[in-house]
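> Here the sequence shown is numbered in the numbering used here, starting from 19 and rising by one per residue.
For each residue, glycine too, the CB sits at the ideal point set by N, CA and C.
This structure is a prediction, so every number in the text was calculated from the model and none was measured.
Shown below is the structure under consideration.
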Amino acid sequence: MKRLVLSGKNIICGAGSLTALAELTCRRATVMTGGNSMLKNGVIDRAVQYLTEAGAQVQVLTGVRKNPSFEEVDGYLKDVREFRPDCMIAIGGGSAMDCAKAVVLFYEFSFLTKDNVLDYNATGKIPAMRKTALICIPSTSGTGSELTRGTVITDTQAKLKVPIMTDCLRPDIAILDPELTMTMPRQVVAETGLDALTHAIESYTNHNLDDFDEALASRAICGLMKWLPVSYREGSLIAREKVHHYQAMAGISFANVGLGMVHGIAHAFGAAFDLAHGLTNAIILPYALTYNRRDPVVEEKLQELSYLCRCEDIVEEIKRMRAELQIPNSYRDAGITEEAYLAQYDLLLEHSMLGATKVNPVVMTRESMGQMLHAVYYGDEIDF
Ligand SMILES: [Fe+2]
C-alpha cells in the first residue's frame with residue numbers, strides 16, 4: 019500500500035502570484051529569507067506590504083546561508099519565539115525554505131531538540147498537525163522544498179547533512195511566481211536546475227516509482243532538458259516559468275518515490291566542503307546513471323527517456339547539457355584539492371553510504387562506493 023500526495027496542499031502559480039499573500043488571514047507573520055537578492059529586488063518589501071494590507075504584523079528575518087546548520091536554526095528560533103507568529107513564510111532558495119521549515123518544527127513542538135529530533139522522526143512520533151501556517155515561495159528553481167515533507171539541516175560538528183522527513187513539514191501553500199526567479203544569476207540557474215533534473219531522474223529510475231509519479235517525473239525530465247538551457251541562455255519569463263513548474267513536479271515525485279545515490283554522495287560532499295547542493299548533484303549525476311544502468315530496469319527507463327526526450331542517449335545528452343551550463347566535470351575540476359579530498363575520504367565514504375544511497379536501484383558496497391567517489395573526484399570513466 020502507498021499513500022501518495024500529488025499536489026502538496028495548495029499550489030498557486032503564475033506571474034504575479036506573490037500577491038496571494040494579501041489574501042492570507044494570519045495575524046503575525048514571520049518572513050524568512052536568504053542573502054540579499056530578495057531584499058535588493060524589492061520582493062521582501064512587496065511581501066511585507068501585501069501581508070500588512072491583509073492586517074498582519076510582520077517580522078522579517080534575513081541572512082539564511084547555504085547549508086543551514088542546527089546552530090543557525092537555533093538563532094532564528096529565539097527571534098521567532100519572541101515574536102510568536104501564527105504564520106511562517108519562506109521566500110528564497112532551498113536553504114531559506116529548509117531553515118524556515120526547521121524553525122517551524124522546533125517552534126511548534128518545544129519538546130523537540132537537535133539531539134532527539136532524529137529519534138522522534140525515525141519512530142514517526144512527530145505530530146502531523148501544526149498550528150503555525152507554513153508558506154513557501156521559491157526564488158530559485160530546483161529544490162522542490164515548497165512541496166515536500168522534508169528539510170535538510172547540517173550538523174556542522176559531524177559534517178553531516180541531516181534529512182528530517184515528516185508530514186508536518188509539508189507547506190500549506192506553495193507559491194510559484196516565476197517573476198521571483200528573474201534575478202537568478204546564471205550559475206544558480208544551472209546548479210538549481212540540475213538539482214531538479216536529478217530529483218526527477220532519481221525518482222524515475224527508483225524501483226519505488228508508481229504510475230502517478232512516473233507521469234510527473236518523465237514530463238519534468240523532458241521539460242527540463244528542453245527549457246533549462248533556454249532559461250540559462252536567455253532567461254526569458256516563459257523559460258523561467260517552465261523550469262519553475264517542472265522543478266515543482268520533480269519535487270512532488272521524489273517526495274513520494276525517493277531519490278538515489280546522487281543525493282547520498284552529494285550530501286556527503288556538500289557537508290564536507292560547504293558546496294552548493296545543486297552543484298554537488300550536477301557533478302555526480304552522469305556518473306551515477308552510468309553506474310546504475312547495469313540494472314536492467316534502470317537501463318530500460320533510460321532508453322524510454324531517450325525516446326521521450328527525442329535524443330540518442332539521455333545520459334550523453336545530460337553530459338552535453340551539463341557542459342553547456344558550465345558545470346565542472348569532477349570535484350577536482352570544481353576546485354577541491356586532492357589533499358583536501360583525501361583528508362576527508364573516510365568521512366565521505368561513511369556518509370555517502372547513508373540517506374538516499376540506501377534506496378539506490380543498485381545496492382552499493384563500501385568498495386563500489388569507494389570507486390564511485392574516486393570517479394566523481396578525479397573525473398574517471400565508470401569501468402568498474
Ligand atoms: Fe536535491
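#1: Buried or exposed: ILE256, going by 16 or more other Cβ atoms within 10 Å of its Cβ?
#2: Let me check you understand the geometry: is the CB of THR355 closer than 7 Å to at least one non-hydrogen atom of ligand 1?
#3: Just mark VAL15 as buried or exposed, buried being the case when its beta carbon has 16 or more other beta carbons within 10 Å.
#4: Using the three-state DSSP reduction, which class does VAL380 fall into: helix, strand or coil?
#5: Taking 8 Å as the threshold, find out whether the stretch 195 to 212 comes into contact with the stretch 119 to 136 through three or more Cβ pairs.
#6: For GLN321, count neighbouring Cβ atoms within 10 angstroms of its own Cβ and tell me buried if that reaches 16, exposed if not.
#7: Out of curiosity, what's the CA-to-CA distance linking GLU356 and ASN299?
#8: Quick one, which of ILE270, ILE400, MET382 and ASP92 has its alpha-carbon nearest LYS27's?
#9: What residue from LYS244, VAL122, LYS376 and PHE402 has the CA that sits closest to SER386's CA?
#10: With three or more C-beta pairs closer than 8 Å as the rule, is the stretch 300 to 318 touching the stretch 190 to 207?
#11: Check ALA47 in the structure and name its three-state DSSP category.
#12: Which residue marks the beginning of the beta strand (DSSP E) containing LYS179, and which one marks its end?
#13: Quick check: what's the CA-CA separation for GLN265 versus ARG83?
#14: Taking PRO156 as part of the alpha helix (DSSP H), name the residues at either end of that continuous run.
#15: Would you check if there are 3 or more beta carbon pairs closer than 8 Å linking the stretch 245 to 260 to the stretch 322 to 335?
#16: Assign GLN77 to one of three DSSP states: helix, strand, or coil.
#17: Taking the continuous alpha helix (DSSP H) assigned at VAL66, which residues delimit it?
#18: Since I believe ILE107 is in contact with VAL61 (beta carbons under 8 Å), could you give me their beta-carbon distance rounded to a whole number of angstroms?
#19: Going by DSSP, what residues sit across from SER87 in a beta bridge?
#20: Which class does ILE354 belong to by DSSP, given the choice of helix, strand or coil?
#21: Spell out the partners DSSP gives CYS31 in its beta bridges.
#22: With distances taken between CB atoms, is the gap from ASP104 to CYS44 smaller than 8 Å?
#23: Beta-carbon within less than 6 Å of THR161's beta-carbon, same chain only, minus the 5 sequence neighbours each way: which residues are those?
#24: Give the straight-line distance between the Cα atoms of ILE144 and ASN54, rounded to the nearest whole angstrom.
#25: Name the two residues that bound the continuous alpha helix (DSSP H) containing GLY110.
#26: Kindly provide the ranges of any alpha helix (DSSP H) runs that are 4 or more residues long and lie completely inside the stretch 210 to 263, ordered along the chain.
#27: Quick check on GLU259: buried or exposed, where buried means 16 or more other Cβ atoms within 10 Å of its Cβ?
#28: Enumerate, from N- to C-terminal direction, the unbroken alpha helix (DSSP H) stretches of 4 or more residues contained entirely within the stretch 305 to 370.
#29: With contact counted as at least three CB pairs below 8 Å, one residue from each stretch, are the stretch 34 to 44 and the stretch 67 to 76 in contact?
#30: Taking 8 Å as the cut-off, does the stretch 284 to 293 touch the stretch 355 to 371 (at least 3 CB pairs, one atom from each stretch)?
#31: In this structure, how does DSSP classify PHE291 when only helix, strand and coil are distinguished?
#32: Any contact between the stretch 267 to 282 and the stretch 210 to 226? By contact I mean 3 or more CB pairs, one from each, below 8 Å.
#33: So, helix, strand or coil for MET56, using DSSP?
#34: Taking the alpha carbon of ALA33 as the reference point, which residue from LEU323, LEU198 and VAL23 has its own alpha carbon closest?
With the structure as the only source:
#1: Residue numbering aside, residue 256 sits at position 238 when the sequence shown is read from its first letter. Exposed is the call here.
#2: On the sequence shown, position 337 is the one that residue 355 refers to. THR355: no, Cβ never under 7 Å from ligand 1.
#3: The displayed coordinates of the chain run from 19 to 402. Any statement about residue 15 would go beyond what the structure contains.
#4: Against the sequence shown, residue 380 aligns to sequence position 362. It is coil, neither helix nor strand.
#5: Cβ pair count under 8 Å is below three, so no.
#6: Residue mapping note: residue 321 aligns to position 303 of the sequence shown, counting from 1. GLN321 counts as exposed, since fewer than 16 other beta carbons sit within 10 angstroms of its beta carbon.
#7: Sequence index remark: in the sequence shown, residue 356 carries index 338 (1-based). Sequence index remark: in the sequence shown, residue 299 carries index 281 (1-based). Taken atom to atom, the span from the alpha-carbon of GLU356 to that of ASN299 is near 19 Å.
#8: As a position in the sequence shown, residue 27 is number 9, starting the count at 1. Measuring from the Cα of LYS27, the nearest candidate turns out to be ILE270.
#9: If you number the sequence shown from 1, residue 386 lands on position 368. Taking the Cα of SER386 as reference, the smallest distance to any Cα among LYS244, VAL122, LYS376 and PHE402 is reached at PHE402.
#10: With the cut-off at 8 Å, the stretch 190 to 207 and the stretch 300 to 318 do not touch.
#11: Indexing the sequence shown from 1 puts residue 47 at position 29. Correct three-state label for ALA47: strand.
#12: Walking along the sequence shown from the start, residue 179 turns up at place 161. Counting along the chain, the beta strand (DSSP E) containing LYS179 begins and ends at 178 to 183.
#13: Mapped onto the sequence shown, residue 265 falls at position 247. Mapped onto the sequence shown, residue 83 falls at position 65. Just so you know, the alpha carbons of GLN265 and ARG83 end up roughly 21 Å apart.
#14: Here the question's residue 156 lines up with position 138 in the sequence shown. For PRO156, there is no enclosing alpha helix (DSSP H); the enclosing beta strand (DSSP E) has its first and last residue at 151 to 156.
#15: Too few Cβ pairs lie closer than 8 Å, so no.
#16: Here residue 77 refers to the residue found at position 59 of the sequence shown. Strand.
#17: By 1-based counting over the sequence shown, the position of residue 66 is 48. In this chain, the alpha helix (DSSP H) harbouring VAL66 covers 61 to 71.
#18: One-based indexing of the sequence shown puts residue 61 at position 43. One-based indexing of the sequence shown puts residue 107 at position 89. The Cβ separation is near 11 Å, so there is no contact.
#19: In the sequence shown, the residue the question calls residue 87 occupies position 69. Note: SER87 sits in a beta bridge opposite THR172.
#20: On the sequence shown, position 336 is the one that residue 354 refers to. ILE354 falls in the coil class under three-state DSSP.
#21: For this step, residue 31 is matched to residue 13 along the sequence shown. Per DSSP, LEU194.
#22: Within the sequence shown, residue 104 is the residue found at index 86, counting from 1. Within the sequence shown, residue 44 is the residue found at index 26, counting from 1. Yes, they are a contact pair.
#23: As a first step, residue 161 is located in the sequence shown; it is residue number 143 there, counting from the start. Close CB contacts of THR161 within its chain, under the 6 Å cut and outside five residues either way in sequence, are with GLY112 (chain order).
#24: Position 126 of the sequence shown, counted from the first residue, corresponds to residue 144. Position 36 of the sequence shown, counted from the first residue, corresponds to residue 54. Here the alpha carbon of ILE144 sits roughly 33 Å from the alpha carbon of ASN54.
#25: Numbered from 1 along the sequence shown, position 92 holds the residue referred to as residue 110. Here GLY110 belongs to no alpha helix (DSSP H); instead the beta strand (DSSP E) covers 105 to 110.
#26: Those alpha helix (DSSP H) runs which fall completely within the stretch 210 to 263 and span 4+ residues are 229 to 251.
#27: Here residue 259 refers to the residue found at position 241 when the sequence shown is read from its first residue. Buried, by the Cβ-count rule.
#28: Restricting attention to alpha helix (DSSP H) runs no shorter than 4 residues, the stretch 305 to 370 encloses them at 314 to 326, 332 to 342 and 356 to 370, ordered along the chain.
#29: Touching, per the Cβ criterion.
#30: Contact holds: three or more Cβ-Cβ distances are below 8 Å.
#31: On the sequence shown, residue 291 is found 273 positions in, with the first residue counted as 1. Per DSSP, reduced to three states, the secondary structure at PHE291 is helical.
#32: With a cut-off of 8 Å, the stretch 210 to 226 and the stretch 267 to 282 count as touching, because enough Cβ pairs lie within range.
#33: Stepping through the sequence shown from its first residue, residue 56 is reached at position 38. Helix at MET56.
#34: Within the sequence shown, residue 33 is the residue found at index 15, counting from 1. Out of LEU323, LEU198 and VAL23, LEU198 has the C-alpha closest to the C-alpha of ALA33.
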